[in-house]
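**Student:** Quick mapping for you: the protein sequence lines, in order, are chains F and V.
Residue numbers for the first sequence follow the numbering used here, so the first one is 1 and each next one is one higher.
Residue numbers for the second sequence follow the numbering used here, so the first one is 1001 and each next one is one higher.
Just so you know, even glycine gets a beta-carbon here, dropped at the ideal spot from N, CA and C.
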Amino acid sequence: DIMDEIKDEL
Amino acid sequence: MNIFRLFGDLSHLAAIAILLLKIWKTRSCAGVSGKTQLLFAVCFITRYIDLFLHFVSLYNTEKVMKLIYISASVFTCYLIFFKFKATYDGNHDSMRAEFLIVPAAGLACLINTKFDAIEILWTFSIYLEAVAILPQLFLISKTGEAETITSHYLFAQGSYRALYILNWIYRYHYESHVDTIAIVAGVVQTILYCDFFYLYITKVVKGQKIVLPA
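#1: Are the segment 1160 to 1170 of chain V and the segment 1004 to 1016 of chain V touching, with three or more C-beta to C-beta distances below 8 Å?
#2: Once DSSP output is grouped into helix, strand and coil, what is the label at E1145 (chain V)?
#3: Look at I1080 (chain V) and V1032 (chain V) and say whether their C-beta atoms are less than 8 Å apart.
#4: Could you run through the segment 1120 to 1134 of chain V and flag, in chain order, every residue whose CB is less than 7 Å away from some CB of chain F?
#5: For a test of the three-state rule: what should DSSP assign to V1211 (chain V), helix, strand or coil?
#6: Determine, using beta carbons only, whether D1093 (chain V) comes closer than 8 Å to chain F.
#7: By alpha-carbon positions, which one of V:R1047, V:M1001 and V:L1139 ends up nearest to T1118 (chain V)?
#8: Please confirm if K1066 (chain V) has its CB atom under 8 Å from at least one CB of chain B.
#9: Is the Cβ of R1005 (chain V) closer than 8 Å to any Cβ of chain F?
#10: Inspect the beta-carbon positions of I1016 (chain V) and A1072 (chain V) and report whether they are closer than 8 Å.
#11: Leaving aside the five residues before and after F1197 (chain V) along the sequence, list all residues of the same chain whose C-beta is less than 7 Å from its C-beta, in chain order.
#12: Under 7 Å between beta-carbons, which chain F residues line up against D1009 (chain V)? List them in chain order, please.
#13: Measure the CB-CB distance between Y1160 (chain V) and H1054 (chain V) and report whether it falls below 8 Å.
#14: Using 8 Å as the threshold, is the segment 1125 to 1132 of chain V in touch with the segment 1181 to 1198 of chain V, meaning 3 or more CB pairs across them?
#15: Does the CB of E1062 (chain V) have a neighbour CB from chain F at under 8 Å?
#16: Suppose you measure from the CA of F1075 (chain V) to the CA of D1089 (chain V); what does that come to, to the nearest Å?
#17: Helix, strand or coil for M1095 (chain V), going by three-state DSSP, please let me know.
#18: What is the residue span of the alpha helix (DSSP H) that G1090 (chain V) lies within?
#19: Classify Q1208 (chain V): buried if its beta carbon has 16 or more other beta carbons within 10 angstroms, exposed otherwise.
#20: When the distance is taken between beta carbons, is S1141 (chain V) closer than 8 Å to L1212 (chain V)?
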């Protein structure tokens, strides 16, 4: 899912 | 979240706030590169594109921080290119931004962790951020000086990614987490500030102004 692509750093 | 990343993000927020205050209080963007600010705005939009794709409720600080970064950088560009356009030093802000955007985009398509839209946009944003400060440093070298407040902005801006490097060392050691692309780009980005850091520490800290040998 695309959300797991989101990096956990800014 | 570790102390290095926390202080890195705080330093980044401080940089954005210092620049906004400088432009707003002096009602002038003299000595500020509009191109660098545009590049930063592009970095934030391409990096936080997830905010636009699924508007999940603002339940965590990350989302709020992302929104602050995007809105503050767009507002800064508005101040430079519209509100205080008359004070924008276009002649000295002459580095070709395309020479930074095109290679960053090309490299993002070649070197990335996954060839899909979100990942490539994120990689492009990382590569672009590494070189986004160059028009600002170029402008200072052309004008031969930097206002003290602009030096503080640059110090905070440079410190943010330097602190992120410490964060990556910490995460490698304690969480065995490694993101090679972000680390390499972050190191390049921080190296670009070394010359400025030297001038800042030897001059501005002693209350002198940064004046580059013309």
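**Tutor:** So, from the data block:
#1: With the cut-off at 8 Å, the segment 1160 to 1170 of chain V and the segment 1004 to 1016 of chain V touch.
#2: Strand.
#3: Contact flag set, yes.
#4: Within the segment 1120 to 1134 of chain V, those residues whose Cβ lies closer than 7 Å to any Cβ of chain F are, in chain order, W1122.
#5: Reduced to three states, the DSSP call for V1211 (chain V) is strand.
#6: It does not; no Cβ of chain F falls within 8 Å.
#7: Note on residue identity: the sequence assigns Ile, not Thr, to residue 1118 (chain V). The candidate whose alpha carbon is nearest that of I1118 (chain V) is V:R1047.
#8: In the displayed structure, chain B is absent; the protein chains listed are F and V.
#9: The beta carbon of R1005 (chain V) falls within 8 Å of a beta carbon belonging to chain F, placing the residue at that interface.
#10: In contact: I1016 (chain V) and A1072 (chain V) (Cβ atoms closer than 8 Å).
#11: Only G1158 meet the Cβ criterion.
#12: The contacting residues are L10.
#13: For Y1160 (chain V) and H1054 (chain V), no; Cβs fall outside 8 Å.
#14: Output reads yes: the segment 1181 to 1198 of chain V touches the segment 1125 to 1132 of chain V.
#15: With 8 Å as the cut-off, E1062 (chain V) counts as an interface residue toward chain F.
#16: In a straight line, the C-alpha of F1075 (chain V) is about 18 Å away from that of D1089 (chain V).
#17: Three-state DSSP puts M1095 (chain V) in coil, outside helix and strand.
#18: Counting along the chain, G1090 (chain V) falls outside any alpha helix (DSSP H), and DSSP gives it neither H nor E.
#19: In this structure Q1208 (chain V) is exposed. Its beta-carbon is surrounded by fewer than 16 other beta-carbon atoms within 10 angstroms.
#20: The criterion of a C-beta distance shorter than 8 Å is satisfied by L1212 (chain V) and S1141 (chain V).
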